[in-house]
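Structure, as structure tokens:
In our numbering, the protein residues as written are 145 to 312.
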């Protein structure tokens, strides 16, 4: 009789262990994700783009390391209209971006090493895995909210002014 009771009780015990293990595993993933989260530096000075309509100013976060560039604006649900993120690739080269895990629709402003806007990829599609290529070799990419480039008249040939841009 005792053996039968132990066998009958085992599935309940196993379920508790399995549920407890699943909870522990879930919590460990949350803690690991928090450890992998990147803290971005906000620039103390605005990034200004001199456009045909006048200056457009943005408060920017800087993505200068590989880890920071890999995370970028992924998983962010909101961003103020006058904010953005400047990616510095450390060298001039063809750049390929995508929107995987990016909730916000964005405009991507491709910038040469001298601070000249090389082109704009407007209204990129959230969660898309399509590759968005620079229009040629660039050193920087500025991501801003979708529609901001058109609203400010940002276009190829405009000049970006910021202490982090144009520095070799």
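Ideal Cβ placement from N, Cα and C applies to all residues, glycine included.
CA-to-CA distance, residue j to residue i, given in whole angstroms
| i | j | result |
| --- | --- | --- |
| residue 290 | residue 245 | 16 angstroms |
| residue 184 | residue 222 | 15 angstroms |
| residue 210 | residue 274 | 20 angstroms |
| residue 311 | residue 229 | 17 angstroms |
| residue 293 | residue 303 | 13 angstroms |
| residue 248 | residue 299 | 21 angstroms |
| residue 267 | residue 190 | 23 angstroms |
| residue 261 | residue 227 | 18 angstroms |
| residue 186 | residue 200 | 18 angstroms |
| residue 237 | residue 182 | 24 angstroms |
| residue 250 | residue 203 | 15 angstroms |
| residue 192 | residue 205 | 13 angstroms |
| residue 307 | residue 188 | 10 angstroms |
| residue 263 | residue 285 | 10 angstroms |
| residue 216 | residue 243 | 10 angstroms |
Paired residues, beta bridge with residue i - DSSP
| i | result |
| --- | --- |
| residue 277 | 240 |
| residue 229 | 205, 287 |
| residue 193 | 200, 304 |
| residue 263 | 254 |
| residue 282 | 237 |
| residue 211 | According to DSSP, residue 211 bridges with nothing at all. |
| residue 246 | Beta-bridge pairing links residue 246 to no other residue. |
| residue 186 | 205 |
Rounded distance between the beta-carbons of residue j and residue i, thought under 8 angstroms
| i | j | result |
| --- | --- | --- |
| residue 255 | residue 213 | With 8 angstroms as the limit, residue 255 and residue 213 do not qualify as a contact, their Cβ atoms being about 14 angstroms apart. |
| residue 278 | residue 239 | 4 angstroms |
| residue 241 | residue 276 | 5 angstroms |
Closest residue to residue i among the options (Cα-Cα distance)
| i | options | result |
| --- | --- | --- |
| residue 301 | 285, 270, 259, 288 | 259 |
| residue 232 | 207, 263, 295 | 207 |
| residue 196 | 202, 225, 296, 257 | 296 |
| residue 270 | 218, 280, 286 | 218 |
| residue 257 | 281, 251, 288 | 281 |
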